[in-house]
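Have a look at the structure below before the remarks.
Protein chains: 2
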Amino acid sequence: MQEPPFSTVTIYGPGLLGGSVALAVRDRLPGCELRLWARREQPLQLANSLGITHTYTDALAAAEGAELIIFATPIGAFEELARLILPAISKNALVTDVGSVKAYVHRTTGELLTDRGRMFIGSHPMAGAETQGLENATPELLQGATVAITNPHGVAAEMEQRLADFWQALGCKPYSMQPGHHDRAVARISHMPHIMAALGARNALPGDVPLPDLQRLAASGFRDTTRVCSGAASMWADILWENDVAVRQVLNNCVNDLHRLIFLLEDQDRAGVLRWLNGAKETRETILQKD
Amino acid sequence: MQEPPFSTVTIYGPGLLGGSVALAVRDRLPGCELRLWARREQPLQLANSLGITHTYTDALAAAEGAELIIFATPIGAFEELARLILPAISKNALVTDVGSVKAYVHRTTGELLTDRGRMFIGSHPMAGAETQGLENATPELLQGATVAITNPHGVAAEMEQRLADFWQALGCKPYSMQPGHHDRAVARISHMPHIMAALGARNALPGDVPLPDLQRLAASGFRDTTRVCSGAASMWADILWENDVAVRQVLNNCVNDLHRLIFLLEDQDRAGVLRWLNGAKETRETILQKD
C-alpha cells in the first residue's frame, strides 16, 4: 500500500463537509491516523459508530502531532480556532480549510498562521447539498468534486503538491488558482445562483394571487430553480458576507440585466427578448462544457 | 369500460406537450377516436409508428366531427388556426388548448370562437421539460400534473366538467381558476423562476475571471439553478411576451428586492442578510407545501 500524503490528519468540525472528508479519509486512506474534533460530545458518538475512533473535544490535544489540519467549522470561527490551537500546531504541519470563500480566509486566518511561522494553504471542495450535519455526510459527496487550492502565502510547492495528492486520494480533482479569481468565480457560479434561487422564491408569494392557486401550479421548474435556497441560511449569510465585494458586483450586473429585459418587454421587442434568452442558454452551455 | 368524456379528440400540434397528450389518450382512453394534426408529414410518420393512426396535414378535415379539439401548437399560431378550421368546428364541440398563458388566449382565440358561436375553455397542464418534440413525448409527463382550467366565456358547467373528466382520465389534476389569477400565478412560480435561471446564467460569464476557472468550479448548484433556461428559448420568448404585464410586475419586484440585498450587504447588516435568506426558504416551503 502506498504511504498516505499525511500520516495524521485532524479535521475540526463534524458538519456535512467535514464529516464527508472524514469518512473519505476513513475509506480511502486507511494508513492515515484520522482525528475528528467537535465542540460537543454528541456528534462524536455518531463519529465513533461510523468507525472514526480518534475523537476530541479538546482542540489543542487534537492538533498535537497532526501533519495535516483541516478547518471545517463555519468560516467565521477559523481565526479564533487558529489562535487557540497555535501552540499545538507543528511548524512542519500544514493547515488547510474547506471554506467557500478564500480571500477572506487568507486575509484573516492565513495571515495569522503565516505571521507565526505556520504553513497555511486554502482548499475549497466544490461539494455541497441542502442537508446538514454528520448524519448526512457521505464520502460520495466528494467524488469527482473540483477542489480549488489557493496558496498566496507562498508555502513550498512540494507541500502544495502533497495537499493536492491528499484531495486526489479522496476522489477529488485539485486545481490551483488565485484566491481573488476563486472568489469572483464562485460569486458568479455559486453565490449568485443561490441568490437568484432565493430571489425567485421570495418574489413568488406577494401579490394578488390566492395562495392555493400558487401551490397547485408550482411544478418542477419552481422546485428545481429554487432548490438551493433551502440550504442553511446562516451559512449562506456568512458566505455572502465574506465575499461581499465580488457578490455585490455581480448583483449590480444582475440589476442592470433585469432592467434590460424589462425594457425589451416594455418596448415590445420580441427579437430582443429572444436574444436575451438565447444568451442565457449559450452561456450556460459554455460554462458546463468542460474540456 | 366507461365511455370516454369525448368520443373523438383532435390534437393540433405534435410537439412535446401535444404528443404527450396524444400518447396519454392512446393509453388511457382506448375507446376514443384519437386524431393528430401536423403541418408537415414527418412527425406524423413517427406518430403512426407509435400507434396514432388517424393523422392529418389537412387542418379542416381533422376538425370534422371532433367532439374535443385541443390546440397544442405555439400560442401565437392559435388564432390563425381557429380562423382556418372554424367552418369544420361543430357547435357541439369543445375547443381547448394547452398554452402556458391564459388571458391572452381568451382575449384572442377564445373571443373569436365565442363570437362565432363555438365553445372554448382554456387548459394549461403544468407539465414540461427541457426536451422538445414528439420524439421526447411520453404519457408520464402528464401524470399528477395540475391542469388549470379557465372558463371566462361562460361555457356550460357540464361541458367544463367533461373537460375536467378528460384531464383526470389522463392522470392529471384539473383545477378551475380565473385567467388573470392563472397568469399572475405562473408569472410568479414559472415564468419568473425561468428568468432567474437565465439571469444567473447570463451573468455568470462576464468579468475578470478566466473561463477555465469558472468551468472547473461550476457544480451542481449552478447546473440545477440554471437548468430550466436550457429549454426552448423561442417558446419562452412567446410566453414572456404574451404574459408581459404580469411578468414585468414581478420583475420590478425582483429589482427592488435585489436592491434591498445589495443595500444590506453594503450596510454590513449580517442579521438583515440572514432574514432575507430565511424569507426565501420560508416562502419556498409555503409554496411547495400542498394541502
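Those sequence lines, one after another, are chains A and B.
Heads up: the first sequence begins at 8 in this note's numbering, then just goes up one per residue.
Heads up: the second sequence begins at 8 in this note's numbering, then just goes up one per residue.
Using N, Cα and C, we set each Cβ at its ideal position, and we do this for glycine too.
Problem - Gly-214/B at chain A interface by Cβ criterion, 8 Å - result: If you number the second sequence from 1, residue 214/B lands on position 207. Chain A, which has a Cβ nearer than 8 Å to the Cβ of Gly-214/B, makes this yes.
Problem - Gly-140/A - DSSP class collapsed to helix/strand/coil - result: For the purposes of this step, residue 140/A is taken as residue 133 along the first sequence, with counting starting at 1. The answer is coil: DSSP assigns Gly-140/A none of H, G, I, E or B.
Exercise for the section: Check the Cβ of Gly-207/B against every Cβ in chain A and list those closer than 7 Å, keeping chain order. Expected result: Counting from one through the second sequence, the residue named residue 207/B turns up at place 200. Per Cβ cutoff of 7 Å: Met-199, Pro-200, Met-203.
Practice task
For Pro-50/B, count neighbouring C-beta atoms within 10 Å of its own C-beta (all shown protein chains included) and say buried if the count is 16 or more, exposed if not.
Solution key: Position 43 of the second sequence holds residue 50/B. Result: buried.
Handout entry: Coarse secondary structure for Ala-225/A, derived from DSSP in three states
Key = Sequence index remark: in the first sequence, residue 225/A carries index 218 (1-based). The answer is coil: DSSP assigns Ala-225/A none of H, G, I, E or B.
Practice task
Would you check if the distance between the CB atom of Arg-90/B and the CB atom of Leu-177/B is smaller than 8 Å?
Solution key: Numbered from 1 along the second sequence, position 83 holds the residue referred to as residue 90/B. Numbered from 1 along the second sequence, position 170 holds the residue referred to as residue 177/B. The answer is no: Cβ separation not under 8 Å.
Handout entry: Cross-chain neighbours of Glu-273/A in chain B, by beta carbon under 9 Å
Key = Along the first sequence, read from residue 1 onward, the residue named residue 273/A stands at position 266. Going along chain B in sequence order, the residues near Glu-273/A (Cβ under 9 Å) are Asp-251, Arg-255.
Problem - Best match in Ala-163/A, Arg-123/A, Pro-132/A, Asn-158/A for proximity to Ser-27/A [C-alpha to C-alpha] - result: In the first sequence, the residue the question calls residue 27/A occupies position 20. Answer by Cα proximity: Pro-132/A.
Handout entry: Amino acids of chain B, ordered along the chain, whose beta-carbon sits closer than 7 Å to that of Tyr-182/A
Key = Reading the first sequence from its first residue, position 175 is the one you call residue 182/A. Correct list: Arg-223.
Handout entry: Where Lys-109/B meets chain A, residues with beta-carbon distance less than 7 Å
Key = Position 102 of the second sequence, counted from the first residue, corresponds to residue 109/B. Per Cβ cutoff of 7 Å: no residues; Lys-109/B is ~11 Å from chain A at best.
Handout entry: Residues of the stretch 229-252 of chain B with Cβ closer than 7 Å to any Cβ of chain A, in chain order
Key = Phe-229, Arg-230, Asp-231, Thr-232, Thr-233, Arg-234, Val-235, Cys-236, Ser-237, Ala-240, Ser-241, Trp-243, Ala-244, Leu-247, Trp-248, Asp-251
Problem - Within chain B, partners of Val-280/A - CB distance below 8 Å - result: Indexing the first sequence from 1 puts residue 280/A at position 273. Correct list: Ala-244, Leu-247, Trp-248.
Exercise for the section: Consider the Cβ of Asn-143/A: report whether some Cβ of chain B lies at a distance smaller than 8 Å. Expected result: Position 136 of the first sequence, counted from the first residue, corresponds to residue 143/A. Not closer than 8 Å to any Cβ of chain B, the Cβ of Asn-143/A fails to qualify, so no.
Exercise for the section: Could you check the C-alpha separation between Pro-11/B and Cys-179/B for me, to the nearest Å? Expected result: Walking along the second sequence from the start, residue 11/B turns up at place 4. Walking along the second sequence from the start, residue 179/B turns up at place 172. Approximately 15 Å between the Cα atoms of the pair.
Problem - Coarse secondary structure for Asp-298/B, derived from DSSP in three states - result: The residue you call residue 298/B lines up with position 291 of the second sequence. A caution first: Asp-298/B carries a pLDDT of 45, below 50, which makes its placement in the model unreliable, though a value can still be read off. DSSP places Asp-298/B in coil when its eight states are reduced to three.
Exercise for the section: Taking only beta-carbon positions, decide if Arg-125/B is within less than 8 Å of chain A. Expected result: In the second sequence, counting from the first residue as 1, residue 125/B sits at position 118. With 8 Å as the cut-off, Arg-125/B does not count as an interface residue toward chain A.
Practice task
Verify the CB distance criterion: does Asn-259/A have a CB-CB separation below 8 Å to chain B?
Solution key: To locate residue 259/A, count along the first sequence from 1; it is residue 252. Yes, Asn-259/A counts as interfacial toward chain B.
Practice task
Report the rounded CA-to-CA distance for His-160/B versus Ser-14/B, giving the unit in angstroms.
Solution key: By one-based count along the second sequence, residue 160/B stands at place 153. By one-based count along the second sequence, residue 14/B stands at place 7. The alpha-carbon atoms of His-160/B and Ser-14/B are separated by roughly 24 Å.
Problem - Test item: CB-CB of Val-262/A and Leu-265/B under 8 Å - result: Along the first sequence, one-based indexing puts residue 262/A at 255. Along the second sequence, one-based indexing puts residue 265/B at 258. Closer than 8 Å, so yes.
Handout entry: C-beta neighbour in chain B for Asp-104/A, strict 8 Å
Key = To locate residue 104/A, count along the first sequence from 1; it is residue 97. Answer no: the Cβ-Cβ gap between Asp-104/A and chain B never drops below 8 Å.
Handout entry: Under 8 Å between C-beta atoms of Tyr-182/A and Thr-138/A
Key = On the first sequence, position 175 is the one that residue 182/A refers to. On the first sequence, position 131 is the one that residue 138/A refers to. Contact: no.
Problem - Residues in the stretch 41-75 of chain A having any Cβ partner in chain B nearer than 9 Å - result: none
Practice task
Output, in chain order, the set of chain A residues within a Cβ distance shorter than 7 Å of His-188/B.
Solution key: The residue given as residue 188/B occupies position 181 in the second sequence. Ordered by position in chain A, the residues that pass the 7 Å Cβ test against His-188/B are Val-216, Pro-217, Asp-220.
Handout entry: Beta-carbon spacing of Gly-20/A, Thr-64/A below 8 Å
Key = Position 13 of the first sequence, counted from the start, is the residue given in the question as residue 20/A. Position 57 of the first sequence, counted from the start, is the residue given in the question as residue 64/A. Against a cut-off of 8 Å, the Cβ pair of Thr-64/A and Gly-20/A comes out as no contact.
Exercise for the section: Please state if the CB of His-201/A and the CB of Trp-248/A are separated by a distance shorter than 8 Å. Expected result: Numbered from 1 along the first sequence, position 241 holds the residue referred to as residue 248/A. Numbered from 1 along the first sequence, position 194 holds the residue referred to as residue 201/A. No. Outside cutoff.
Exercise for the section: Examine chain B for any beta-carbon lying closer than 8 Å to the beta-carbon of Arg-291/A, and answer yes or no. Expected result: What you label residue 291/A is simply residue 284 of the first sequence in a count that begins at 1. Yes, Arg-291/A counts as interfacial toward chain B.
Handout entry: Segment contact, 8 Å Cβ cut-off, at least three pairs: the stretch 249-259 of chain B with the stretch 107-120 of chain B
Key = yes
Problem - Helix, strand or coil at Thr-80/B [DSSP, three-state] - result: For the purposes of this step, residue 80/B is taken as residue 73 along the second sequence, with counting starting at 1. In the structure shown, Thr-80/B sits in coil (DSSP, three-state: anything other than H, G, I, E or B).
Handout entry: Cβ of Ala-211/B within 8 Å of any chain A Cβ
Key = For the purposes of this step, residue 211/B is taken as residue 204 along the second sequence, with counting starting at 1. Chain A contact via Cβ: present.
Handout entry: Cross-chain neighbours of Leu-265/B in chain A, by beta carbon under 7 Å
Key = Your numbering for residue 265/B matches position 258 in the second sequence. Here the neighbours are Leu-206, Leu-258, Cys-261, Val-262.
Exercise for the section: Identify the continuous beta strand (DSSP E) that holds Ile-269/B and give its terminal residues. Expected result: Here residue 269/B is taken as the residue at index 262 of the second sequence, counted from 1. Not the beta strand (DSSP E): Ile-269/B falls in the alpha helix (DSSP H), residues 251-273.
Exercise for the section: Answer with yes or no whether the minimum CB distance from Ala-133/B to chain A is below 8 Å. Expected result: Along the second sequence, one-based indexing puts residue 133/B at 126. According to the sequence provided, residue 133/B is Met. The question's Ala does not apply to it. By this cut-off, Met-133/B is an interface position.
Handout entry: Continuous beta strand (DSSP E) stretch holding Pro-181/A: start and end
Key = What you label residue 181/A is simply residue 174 of the first sequence in a count that begins at 1. Residues 180-183.
Problem - Sheet register partners of Arg-42/A (DSSP bridge) - result: The count along the first sequence starts at 1 and reaches residue 42/A at position 35. Per DSSP, Thr-17/A, His-61/A.
Practice task
Could you confirm whether any beta carbon from chain A is found closer than 8 Å to the beta carbon of Gly-22/B?
Solution key: Position 15 of the second sequence holds residue 22/B. Answer no: the Cβ-Cβ gap between Gly-22/B and chain A never drops below 8 Å.
Practice task
Verify whether the separation of the beta carbon atoms of Val-193/B and Leu-53/A is less than 8 Å.
Solution key: The count along the second sequence starts at 1 and reaches residue 193/B at position 186. The count along the first sequence starts at 1 and reaches residue 53/A at position 46. No. Outside cutoff.
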